[in-house]
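A.B. asks: Below: one structure in structure tokens.
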Amino acid sequence: MPRVKVAPSIFAADFADMPGAFRLLHDAGADCVHYDVMDGRFVPNISFGPKFIEDVSAKTEIPGDTHLMIDLSPGIDAYLGQKPSYITVHYEASAEGPDKYIDMITRAGKTAGISIKPGTSPETLAPYLDRIGLILIMSVEPGFSGQKFMPASLGRIETVRKMIGGRDILLQVDGGVCRENYRDVIAAGADFIVIGSAFFKDKDPAGWVNEIHLIG
């Protein structure tokens, strides 16, 4: 099994000390920075936009992945030319479906991902499996950091892992991942985990990241 990737969510960091947050990610050996973009429309919260990602990603060598929890109808052009190499859109965020956004992301030279909310059937992902490189399973209702992991998500992760089969698709999980459940999340099939508030509150985040890497 390849090494499990760890992506702390920068939305859970102290916005008054972004340099300190990125030093923590670097020192902990994080594989990626997870950028949760929220517009107050698709989800009931607002985080940050393309300028924030452009500015902070220019200050770090850590790769990034952008999770667009936004109404897709205004477009995603502002994110396509940015540094993060993964861009994930929500299946539920457009009445017309994610097809054209997958194509836009791929044409921009990025890895396209699709995310589904806890109430969306994993079967909705089937038509896209040969066109994407990442699937993001939300294990909480998207919009707020610090929520508790939904145990039913483990079965959903297992289902999607079987659907992926031998395809080169990363299976990412986001929401409520903590020291108490991360081993179960990985055992269910995740190979790319997002950790939010639990990472920034942990007494030894570097040790935790190392533990995760050793599992993979």
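Residue 42 in this note's numbering is what sits at position 17 of the sequence shown, and the numbering runs on without skipping anything. Ideal Cβ placement from N, Cα and C applies to all residues, glycine included. Because the structure is a prediction, the values reported are computed rather than measured.
1) Alpha carbons only, please: which of Ala-118, Asp-216, Lys-228 and Asp-102 is nearest the one belonging to Gly-134?
2) Could you tell me whether the region 82–95 touches the region 113–126, where touching means 3 or more Cβ pairs closer than 8 Å?
3) Please check the pair Ala-37 and Ser-222, which I expect to be a contact at CB under 8 Å, by giving their CB distance rounded to whole angstroms.
4) Note down, one range per segment and in chain order, each alpha helix (DSSP H) of at least 4 residues found wholly within the region 198–241.
5) Rank Asp-155, Met-175, Gly-45 and Gly-122 by C-alpha distance to the C-alpha of Ser-98 and give the top, closest one.
6) Under DSSP, the alpha helix (DSSP H) around Asp-42 begins and ends at which residues?
7) Excluding the 5 residues preceding and the 5 following Phe-67 in the sequence, name in chain order all residues of the same chain whose CB lies nearer than 6 Å to its CB.
8) Locate the beta strand (DSSP E) running through Thr-149, then write down its first and last residues.
9) Within 10 angstroms of its Cβ, does Asn-235 collect 16 or more other Cβ (buried), or is it exposed?
10) Going by the CB atoms, is the gap between Val-58 and Phe-73 shorter than 9 Å?
11) Grab the span of the beta strand (DSSP E) containing Thr-85 for me, first residue to last.
12) Check Lys-187 in the structure and name its three-state DSSP category.
13) Determine, using beta carbons only, whether Arg-156 and Thr-136 come nearer to each other than 9 Å.
14) Just verifying my parser: in three-state terms, what is the DSSP assignment at Phe-174?
15) Does the distance from the C-beta atom of Asp-199 to that of Val-185 stay below 9 Å?
16) List the DSSP bridge partners of Thr-113.
17) Using DSSP bridges, identify the partner residues of Ala-103.
18) Which residues does DSSP pair with Met-163 in a beta bridge?
19) Kindly indicate the opening and closing residues of the alpha helix (DSSP H) around Lys-125.
20) Just grab the DSSP bridge partners of Ala-32 for me.
C.D. replies: Walking through what the data contain:
1) Translated into positions along the sequence shown, residue 134 becomes position 109. The shortest C-alpha separation from Gly-134 is found at Asp-102.
2) In this structure the region 82–95 touches the region 113–126; the number of beta carbon pairs closer than 8 Å is three or more.
3) Residue mapping note: residue 37 aligns to position 12 of the sequence shown, counting from 1. Residue mapping note: residue 222 aligns to position 197 of the sequence shown, counting from 1. 4 Å between Cβ atoms; contact.
4) Within the region 198–241, the complete alpha helix (DSSP H) segments of 4 residues or longer fall at 207–213, 222–226 and 230–240, listed in chain order.
5) By 1-based counting over the sequence shown, the position of residue 98 is 73. Comparing Cα-Cα distances from Ser-98 to each of Asp-155, Met-175, Gly-45 and Gly-122, the minimum goes to Gly-122.
6) Numbered from its first residue, the sequence shown carries residue 42 at position 17. First-last for Asp-42: undefined, no H or E at that position.
7) Numbered from its first residue, the sequence shown carries residue 67 at position 42. Same-chain partners within the cutoff: Met-94, Ile-95, Asp-96 and Ala-118.
8) Your numbering for residue 149 matches position 124 in the sequence shown. Counting along the chain, Thr-149 sits inside no beta strand (DSSP E), nor does DSSP assign it H or E at all.
9) Numbered from its first residue, the sequence shown carries residue 235 at position 210. Classification for Asn-235: exposed.
10) As a first step, residue 73 is located in the sequence shown; it is residue number 48 there, counting from the start. As a first step, residue 58 is located in the sequence shown; it is residue number 33 there, counting from the start. Contact: no.
11) Taking the first residue of the sequence shown as 1, we reach residue 85 at position 60. Careful: Thr-85 lies outside any beta strand (DSSP E) and carries neither H nor E.
12) Residue 187 sits at position 162 when you count from the first residue of the sequence shown. It is helical.
13) What you label residue 156 is simply residue 131 of the sequence shown in a count that begins at 1. What you label residue 136 is simply residue 111 of the sequence shown in a count that begins at 1. The answer is no: Cβ separation not under 9 Å.
14) Locating residue 174 in the sequence shown gives position 149, counting from the first residue. Correct three-state label for Phe-174: coil.
15) Working through the sequence shown from its first residue, we reach residue 199 at position 174. Working through the sequence shown from its first residue, we reach residue 185 at position 160. No, Cβ-Cβ distance for Asp-199 and Val-185 is not below 9 Å.
16) Working through the sequence shown from its first residue, we reach residue 113 at position 88. Note: Thr-113 sits in a beta bridge opposite His-92 and Gly-138.
17) Along the sequence shown, one-based indexing puts residue 103 at 78. Beta-bridge pairing links Ala-103 to no other residue.
18) Counting from one through the sequence shown, the residue named residue 163 turns up at place 138. Bridge partners of Met-163 according to DSSP: Asp-199.
19) Within the sequence shown, numbered from 1, the residue matching residue 125 stands at position 100. Residues 124–132.
20) The sequence position of residue 32 within the sequence shown is 7, counting from 1. Beta-bridge pairing links Ala-32 to Val-219.
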